[in-house]
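Here is the structure we will look at, set down as structure tokens.
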Amino acid sequence: MQVQNRFERLMAVAAGGETDRHLAHLILAPRDGVGCLPLRLGLGLEAFRALLNRHFTGAVQWLDREPDYLLLTRSAMREELLQLRTEEWQELVDLLERHRRPGIESALSQIIAAGCLGGDHLWRDLGFPDRGVLSELMQLAYPGLKALNDKDMKWKRFFYKQLCENGGSYVCRAPSCEQCSSWSDCFGPEV
Ligand code: SF4
Numbered sequence: 005m006q007v008q009n010r011f012e013r014l015m016a017v018a019a020g021g022e023t024d025r026h027l028a029h030l031i032l033a034p035r036d037g038v039g040c041l042p043l044r045l046g047l048g049l050e051a052f053r054a055l056l057n058r059h060f061t062g063a064v065q066w067l068d069r070e071p072d073y074l075l076l077t078r079s080a081m082r083e084e085l086l087q088l089r090t091e092e093w094q095e096l097v098d099l100l101e102r103h104r105r106p107g108i109e110s111a112l113s114q115i116i117a118a119g120c121l122g123g124d125h126l127w128r129d130l131g132f133p134d135r136g137v138l139s140e141l142m143q144l145a146y147p148g149l150k151a152l153n154d155k156d157m158k159w160k161r162f163f164y165k166q167l168c169e170n171g172g173s174y175v176c177r178a179p180s181c182e183q184c185s186s187w188s189d190c191f192g193p194e195v
């Protein structure tokens with residue numbers, strides 16, 4: 005089945021929420037071997053099924069049948085990597101949750117935090133088709149964070165900078181961005 009058809013198939017049963025399109029990308033990406041997320045997006049089995057039931061009625065049945073052996077193996081490895089970094093993941097979840105707009109799916113914070121633990125740009129690790137989809141999601145679901153990122157910092161770097169400013173030690177070794185030798189790691193195009 006073509007990727008576009010699967011996306012359309014999922015959207016055909018979408019509940020009509022503002023972030024359903026973003027969730028559809030997130031759900032399908034690991035099934036296409038794209039991005040860094042495990043098949044259940046870093047959620048437990050029940051939480052993942054509940055997410056599907058809330059947003060895509062009836063999708064559990066056909067999505068559960070799909071993944072092949074390689075995808076399952078890859079997913080298990082991703083799950084293990086996440087388990088190794090649960091403290092960091094939780095700090096990212098907490099940051100996102102503090103800024104999540106009321107009424108927006110709360111599992112999104114857990115999924116985005118799991119994507120932050122991958123090694124690529126966040127939009128790629130989440131399996132979005134481009135950075136614009138991630139920026140749109142941030143505007144919809146976390147408008148406070150989007151507003152705070154007024155210099156259009158790379159999203160992962162921006163989140164870790166927030167943690168850094170709240171007493172963590174993840175990103176910044178320089179007193180200011182202007183004096184920092186890592187400037188290009190934090191700003192500039194994410195392609
Ligand atoms: S440019 Fe340097 S100081 Fe600024 S956020 Fe990045 S690492 Fe931190």
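Using our numbering, you'd call the opening residue of the sequence shown number 5 and step up by one each time.
Just so it is clear, CB atoms sit at the ideal spot from N, CA and C, and this is done for glycine as well.
These figures come from a predicted structure and were not determined experimentally.
Looking only at Glu50, His125, Phe52, the smallest Cα-Cα distance to Gly192 is reached by His125.
Contact between Gly131 and His26 is ruled out by a C-beta separation of about 10 Å, above the 8 Å threshold.
Non-local beta-carbon contacts of Ala51 in its own chain, meaning distances under 7 Å to residues more than five positions away in sequence, involve Ala111 in chain order. Within its own chain, the residues whose Cβ lies closer than 7 Å to the Cβ of Leu99, once the five positions on either side in sequence are excluded, are Phe163, Gln166, Leu167, listed in chain order. When Cβ pairs closer than 8 Å are counted between the two stretches, the stretch 146-153 is seen not to touch the stretch 52-66, the count staying below three. Inclusion of Arg177 in the 8 Å shell around the ligand SF4 follows from its C-beta lying nearer than that to a non-hydrogen atom of the ligand. Around the C-beta of Ser185, fewer than 16 other C-beta atoms lie within 10 Å, and the residue is accordingly described as exposed. When the Cα atoms are used, Ala63 and Arg82 turn out to be separated by approximately 23 Å. Setting aside the 5 residues that flank it on each side, Lys158 is surrounded in the same chain by His125, Leu126, Asp189, Cys190, Phe191, Gly192, Glu194, each with a C-beta closer than 8 Å to its C-beta; the list follows chain order. The ligand SF4 never approaches Lys160 closely enough for any of its heavy atoms to be under 8 Å from the residue's Cβ. Remark: C-beta atoms of Ser79 and Arg44 approach each other more closely than 9 Å. Judged by DSSP in its simplified three-state form, Phe191 adopts coil rather than helix or strand.
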